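Counting from 561, one number per residue, gives the positions in the sequence shown under our numbering. Yeah, the Cβ is synthetic: ideal placement off N, Cα and C, and Gly gets one too. Just so it is clear, the structure is predicted and the values come from calculations on it, not from any experiment. Input: a single structure, listed below in structure tokens.
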Amino acid sequence: MRSSAVAAAVLALTAGCTGGGRDDGTAQRAFDQTCSLVRSGVAAFNENDFPETIERFQAALDPARRLADATDDPRADELLEAVEYYAALPADEYRKAFESSPDFKRHQATTLGQCGDAQPEDSPDQESQT
561 MRSSAVAAAV LALTAGCTGG GRDDGTAQRA FDQTCSLVRS GVAAFNENDF
611 PETIERFQAA LDPARRLADA TDDPRADELL EAVEYYAALP ADEYRKAFES
661 SPDFKRHQAT TLGQCGDAQP EDSPDQESQT
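Written out as structure tokens, the structure is:
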């Protein structure tokens with residue numbers, strides 16, 4: 561069920577592509593690249609490897625920008641904003657931000673919501689809520 565919801569969100573997000581009504585797949589490729597890097601950044605975060613987390617989010621900046629340029633959907637801008645936030649957050653501030661920052665939580669909801677497979681269960685110092 562979750563994968564069908566993610567697929568529907570991807571379809572809706574990439575359906576707003578600009579470019580004279582012709583979808584050449586740019587938005588879909590940018591979305592796929594961005595989310596792949598976001599998921600690897602989340603995995604690094606879950607391993608408490610904050611420098612690697614930052615590297616993955618920095619690598620996601622270009623595809624996230626291409627996505628935002630390729631579509632009028634505001635969710636692309638939200639994803640770019642989240643990627644920019646995590647790419648710029650200093651490694652020594654990640655744990656505190658995770659524990660107390662409303663911005664961290666807002667961007668976490670964006671990245672996990674849009675990139676689907678990334679799950680926060682193993683995040684630092686977070687107890688399982690199952």
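Does the separation of the CB atoms of A619 and L597 fall below 8 Å? yes
Answer yes if the segment 646-664 comes into contact with the segment 611-631, meaning at least three C-beta pairs across the two stretches below 8 Å, and no otherwise. yes
Using CA coordinates, which residue listed in T594, G585, S661 is at the minimum distance from G676? T594
At which residue ranges does the segment 596-654 contain complete alpha helix (DSSP H) runs of 4 or more residues, listed in the order of the chain? 610-630, 634-648
Is L639 close to chain B, meaning its C-beta is less than 8 Å from at least one C-beta of that chain? Going by chain labels, chain B is absent from the structure shown, which holds only one protein chain.
Of the choices L621, T586, R589, F605, whose alpha-carbon is the least far from that of D652? F605
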